[in-house]
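4 protein chains.
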Amino acid sequence: MGEMPVSKTAAKREARICEILSCAEKHFSNKGFHGAGISGIAADCGISVGHLYHYFGSKDELILAVVKSEMGRQDESITAFEDLSPENLRLEMAELTTAIFSTDAEPFRTVLNFEILAEAQRNPEVAALLQQQDTQMRRRFVTILRRAGIDDPETRTELIFTIFSGLSARALRHPEQERAALLEVIKDVILKILGDKQVASGALSA
Amino acid sequence: MGEMPVSKTAAKREARICEILSCAEKHFSNKGFHGAGISGIAADCGISVGHLYHYFGSKDELILAVVKSEMGRQDESITAFEDLSPENLRLEMAELTTAIFSTDAEPFRTVLNFEILAEAQRNPEVAALLQQQDTQMRRRFVTILRRAGIDDPETRTELIFTIFSGLSARALRHPEQERAALLEVIKDVILKILGDKQVASGALSA
Amino acid sequence: MGEMPVSKTAAKREARICEILSCAEKHFSNKGFHGAGISGIAADCGISVGHLYHYFGSKDELILAVVKSEMGRQDESITAFEDLSPENLRLEMAELTTAIFSTDAEPFRTVLNFEILAEAQRNPEVAALLQQQDTQMRRRFVTILRRAGIDDPETRTELIFTIFSGLSARALRHPEQERAALLEVIKDVILKILGDKQVASGALSA
Amino acid sequence: MGEMPVSKTAAKREARICEILSCAEKHFSNKGFHGAGISGIAADCGISVGHLYHYFGSKDELILAVVKSEMGRQDESITAFEDLSPENLRLEMAELTTAIFSTDAEPFRTVLNFEILAEAQRNPEVAALLQQQDTQMRRRFVTILRRAGIDDPETRTELIFTIFSGLSARALRHPEQERAALLEVIKDVILKILGDKQVASGALSA
DNA sequence: TATGAATGAGCATTCATTCAT
DNA sequence: TATGAATGAATGCTCATTCAT
Numbered sequence: 077m078g079e080m081p082v083s084k085t086a087a088k089r090e091a092r093i094c095e096i097l098s099c100a101e102k103h104f105s106n107k108g109f110h111g112a113g114i115s116g117i118a119a120d121c122g123i124s125v126g127h128l129y130h131y132f133g134s135k136d137e138l139i140l141a142v143v144k145s146e147m148g149r150q151d152e153s154i155t156a157f158e159d160l161s162p163e164n165l166r167l168e169m170a171e172l173t174t175a176i177f178s179t180d181a182e183p184f185r186t187v188l189n190f191e192i193l194a195e196a197q198r199n200p201e202v203a204a205l206l207q208q209q210d211t212q213m214r215r216r217f218v219t220i221l222r223r224a225g226i227d228d229p230e231t232r233t234e235l236i237f238t239i240f241s242g243l244s245a246r247a248l249r250h251p252e253q254e255r256a257a258l259l260e261v262i263k264d265v266i267l268k269i270l271g272d273k274q275v276a277s278g279a280l281s282a
Numbered sequence: 077m078g079e080m081p082v083s084k085t086a087a088k089r090e091a092r093i094c095e096i097l098s099c100a101e102k103h104f105s106n107k108g109f110h111g112a113g114i115s116g117i118a119a120d121c122g123i124s125v126g127h128l129y130h131y132f133g134s135k136d137e138l139i140l141a142v143v144k145s146e147m148g149r150q151d152e153s154i155t156a157f158e159d160l161s162p163e164n165l166r167l168e169m170a171e172l173t174t175a176i177f178s179t180d181a182e183p184f185r186t187v188l189n190f191e192i193l194a195e196a197q198r199n200p201e202v203a204a205l206l207q208q209q210d211t212q213m214r215r216r217f218v219t220i221l222r223r224a225g226i227d228d229p230e231t232r233t234e235l236i237f238t239i240f241s242g243l244s245a246r247a248l249r250h251p252e253q254e255r256a257a258l259l260e261v262i263k264d265v266i267l268k269i270l271g272d273k274q275v276a277s278g279a280l281s282a
Numbered sequence: 077m078g079e080m081p082v083s084k085t086a087a088k089r090e091a092r093i094c095e096i097l098s099c100a101e102k103h104f105s106n107k108g109f110h111g112a113g114i115s116g117i118a119a120d121c122g123i124s125v126g127h128l129y130h131y132f133g134s135k136d137e138l139i140l141a142v143v144k145s146e147m148g149r150q151d152e153s154i155t156a157f158e159d160l161s162p163e164n165l166r167l168e169m170a171e172l173t174t175a176i177f178s179t180d181a182e183p184f185r186t187v188l189n190f191e192i193l194a195e196a197q198r199n200p201e202v203a204a205l206l207q208q209q210d211t212q213m214r215r216r217f218v219t220i221l222r223r224a225g226i227d228d229p230e231t232r233t234e235l236i237f238t239i240f241s242g243l244s245a246r247a248l249r250h251p252e253q254e255r256a257a258l259l260e261v262i263k264d265v266i267l268k269i270l271g272d273k274q275v276a277s278g279a280l281s282a
Numbered sequence: 077m078g079e080m081p082v083s084k085t086a087a088k089r090e091a092r093i094c095e096i097l098s099c100a101e102k103h104f105s106n107k108g109f110h111g112a113g114i115s116g117i118a119a120d121c122g123i124s125v126g127h128l129y130h131y132f133g134s135k136d137e138l139i140l141a142v143v144k145s146e147m148g149r150q151d152e153s154i155t156a157f158e159d160l161s162p163e164n165l166r167l168e169m170a171e172l173t174t175a176i177f178s179t180d181a182e183p184f185r186t187v188l189n190f191e192i193l194a195e196a197q198r199n200p201e202v203a204a205l206l207q208q209q210d211t212q213m214r215r216r217f218v219t220i221l222r223r224a225g226i227d228d229p230e231t232r233t234e235l236i237f238t239i240f241s242g243l244s245a246r247a248l249r250h251p252e253q254e255r256a257a258l259l260e261v262i263k264d265v266i267l268k269i270l271g272d273k274q275v276a277s278g279a280l281s282a
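Now the structure itself:
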């Protein structure tokens, strides 16, 4: 069961690719997609430039692969919320509020996050990848909410994704310390969104 | 009255600087800070490379200046909400929800927005500028809300800024057409936030 | 008596030229003739680039002027040895041996010394200046020796100039501390050269 | 016997490096370290600019390598004086006096000589190299003198190095034709220095 | 006399990429 | 699979110099 590598070489190849991706991610995080250079990445991997081109035909291809892997990771981290009881789901999501200001690797915030969004504005392939991945993440999240018996899961998903995306930007624009209050409010909002029967005009009102 | 240029040369100089900034902004938008080249910008301005360096000592200086001007523009566009009656304020803010998906120049979304956020992650000067500007914008918005007689304006400001920041990311990640429903929800949320006496656990609940 | 400036403006002009030369000398010393830039020199003088060109038509002209002034200074410092009694002359010259390892401004050693020699190898104008100045210095020194009643002053001058030139190079190649002994030897050699009736094959032998 | 290159590629690489060094030396001699450009050197070698950087990481590195090779050559040319009989040593050294005014490649004079000395004044790495190499050359020369049975070889070495260094400067400052007499005197001095039992206050006196 | 805007060639350096081995 | 030699265009930046004012 599961896809096991066809041969030993194939396994080695995949490992090598993984290593390159991880090196590339590091460099891209530090210097940006355009600031990082292929040769630096190759050197960091301990392979030659020419050999890197054996695995990735161009820098754009490498960028795309990194973006894809990054999003794979985001997607994966949604798994943590599957199979939670409705109540635990609410609590865990509320906790994310705090995490987003500190951790760099969770669904709504990655170091490469804004780099990717910026790139998406000018690279259609990246944009397509981004949107396709987002669609999938929303779909999974909707399923999670539905399984938890929450009404109108699509809208609530959108709301939550919007708020968390916003938070990740605020972590950069507003890193001061008085934000503790904000976090409390947001937590409450999240709990509301996941707890109320109706979402907005109804649920949020008296 | 009004600030008139001290001298003719100074005026010319300022005009030239403005032109460079505008060209640079265009190039940076299209190719990113690191993708765009000084020589391209200079050529587009109709001046020589060397001469551009007469006005900006380095590319970083130019980037910083563009970021600063960009944020000045964001800040300015808040002015539109000053002097509005409380009710109009609510409606106008709700309208922004739609605008953020279409317009490229308003307080919470600019083409350069993510480029700047990405740059802020590795360039401390940009980060400082970003935070300082955000502080000022929040202060102004708080004043607007307070003048409109809205309770706990600080928290509501944070909430609104968070939501709009999130929306601008969603415009990229989720540009599909079924989002009309989301917009309606967000609009309602904004109206709630600006209309309720209490903010969260209280106001959003029944 | 002596040449007084024709007018106040002329005096001012000369002062300005002096200032430029002194700034240029500083920059050339620090970065070399080719490493230093006109604009840096102008800035250091507190004048505009264009204005510097009012006084010196080109960088080469400025270099030449600095070389000339440098050599003027070397020449001047020979004056110190005129009017010395024969015995004092010997002692003073012997003292120079020590000075050459520490001072940067005396006839046989200047910071710009090697820069000038290197430039002379490729710039004929500098070479000509160098040789002409050296001729004049030798002539003056010969006169000094002759007045002191020293035999064959031409040859002794050559010998002394050679030794001091050599010392200035050794100050760079051999700046260690065990050189005290060398200095004593050289001192003695100088004293010999200036004291013996015959110069070499005779005088230096038993 | 002999050092044979480890592999064919390594040999090729070394040959290429040699070629670059020789081209660089030529350019540096003609225009000075700072006057010569990398692109000119690369073009002269028949390689691309980028490729030159494959071998030398920066211009400074290249300068340093040229200086090093230059000094290697100076050091090597001392070999000619090893294994000479005492008498032949005296004569050969005396002959050098003439050579220094004509040849460009011998221990005490190279075209790049003053360029290097000038650079040493501002580039500590070059200075260090210069001093280290000089120390070694002195050491070797001392051994030569000692083997020839000459007393106090250290002091005599210093004296000779000083005189020859001085001569190489005089070749530039005093290239006129009446110097034949000087040469004779210097020759005698050298012979004395290498022939007398005592060096200075004693040997040079009656 | 004095400014500083303006130029464009030149600088050292890095880039993504190709290719023979 | 793996190397690293090789390219040449492009990078950000500085240069000496000119010129209108």
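Residue numbers (my numbering), protein chains in the order written: chain A, 77 to 282; chain B, 77 to 282; chain C, 77 to 282; chain D, 77 to 282. We put the CB at the ideal spot given by N, CA and C, even for glycine.
- Interface annotation, Ser241 of chain B: in contact with chain A, CB-CB separation under 7 Å.
- Burial is judged here by how many other beta carbons sit within 10 angstroms of a residue's own beta carbon; Ala196 of chain B has at least 16 and is buried.
- Taking Lys135 of chain B as reference, the option from B:Asn189, B:Ala119, B:Ala203, B:His110 with the minimal CA-CA separation is B:His110.
- Judged by their CB atoms, Leu243 of chain A and Arg232 of chain A are not nearer to each other than the 7 Å cut-off.
- For the region 91 to 111 of chain C, the set of positions with a beta-carbon nearer than 9 Å to some beta-carbon of chain D reads Ser105, Asn106, Lys107, Gly108, Phe109, His110, Gly111 in chain order.
- Below the 8 Å Cβ cutoff, chain D contributes no neighbours of Asp227 of chain C, its closest Cβ being approximately 13 Å away.
- Taking 9 Å as the cut-off between beta carbons, the residues of the region 245 to 265 of chain C near chain D are Ala245, Arg246, Leu248, Arg249, His250, Pro251, Glu252, Glu254, Arg255, Ala257, Leu258, Glu260, Val261, Ile262, Lys263, Asp264, Val265, in sequence order.
- The closest CA to that of Ile154 of chain C, considering only C:Arg215, C:Lys268, C:Leu205, C:Arg92, is found on C:Arg215.
- In the DSSP annotation of this structure, the continuous segment of the alpha helix (DSSP H) that includes Asn164 of chain C starts and ends at 162 to 175.
- Non-local C-beta neighbours of Ala100 of chain C in its own chain, meaning closer than 6 Å and more than five positions away in sequence, comprise Ile117, Leu138, Val142, ordered along the chain.
- Scanning A:Ala245, A:Pro229, A:Gly225 for the CA closest to the CA of Glu234 of chain B turns up A:Ala245.
- Boundaries for Ala112 of chain B: no alpha helix (DSSP H) harbours it, and the DSSP string shows neither H nor E there.
- Collapsing the DSSP output to three states places Pro251 of chain A in coil.
- Sequence-distant Cβ neighbours of Gln212 of chain B in its own chain, meaning closer than 7 Å and more than five residues away, are Asp151.
- The region 120 to 128 of chain A makes contact with the region 87 to 104 of chain A; the number of CB pairs closer than 8 Å reaches 3 or more.
- One Cα belongs to Gly108 of chain B, the other to Leu188 of chain A, and the distance between them is close to 15 Å.
- For Lys84 of chain C and Glu90 of chain B, the gap between their C-alpha atoms comes out near 39 Å.
- At a cut-off of 7 Å between C-beta atoms, Glu191 of chain C counts as an interface residue with respect to chain D.
- Short of 7 Å from the beta carbon of Gly133 of chain B, and not among the five residues preceding or following it, lies no beta carbon of its own chain.
- Check the Cα spacing between Glu252 of chain D and each of C:Gln207, C:Ala257, C:Gly148: the tightest is with C:Gln207.
- The shortest CA-to-CA distance from Glu158 of chain D to any of D:Ala224, D:Thr238, D:Ser241, D:Asp210 is the one to D:Ala224.
- Taking C-beta atoms as the reference points, Ala203 of chain C and Glu191 of chain D fail to come closer than 7 Å.
- With a beta-carbon spacing of about 5 Å, Phe177 of chain D and Ala247 of chain D fall inside the 8 Å limit used to define contacts.
- About 6 Å separates the beta carbon of Ile236 of chain C from that of Ile269 of chain C, a gap short enough to meet the 8 Å contact definition.
- For Arg222 of chain A, the enclosing alpha helix (DSSP H) has its first and last residue at 200 to 223.
- A Cβ of chain A is located within less than 7 Å of the beta carbon of Leu206 of chain B.
- In the DSSP annotation of this structure, the continuous segment of the alpha helix (DSSP H) that includes Glu146 of chain D starts and ends at 135 to 152.
- Burial check for Asp264 of chain B: the Cβ neighbour count within 10 Å reaches 16 or more, so the residue is buried.
- The beta carbon of Asp120 of chain A does not come within 7 Å of any beta carbon belonging to chain B, so the residue lies off that interface.
- Considering only C:Tyr129, C:Arg149, C:His250, the residue with the shortest C-alpha distance to Gln209 of chain C is C:Arg149.
- Annotated three-state conformation of Phe240 of chain A is helix, per DSSP.
- Interface with chain C (7 Å Cβ-Cβ cutoff): Thr219 of chain D is excluded.
- Counting of Cβ neighbours within 10 angstroms places Asp228 of chain D among the buried residues, the total reaching 16 or more.
- At a C-beta separation below 9 Å, Glu234 of chain B has these neighbours in chain A: Arg246, His250, Arg255, Ala257, Leu258, Val261, Ile262.
- For Ile262 of chain B, the uninterrupted alpha helix (DSSP H) run begins and ends at 256 to 271, by DSSP.
- Excluding the 5 residues flanking it on each side, Leu140 of chain C has same chain C-beta neighbours closer than 8 Å at Glu201, Val202, Leu205, in chain order.
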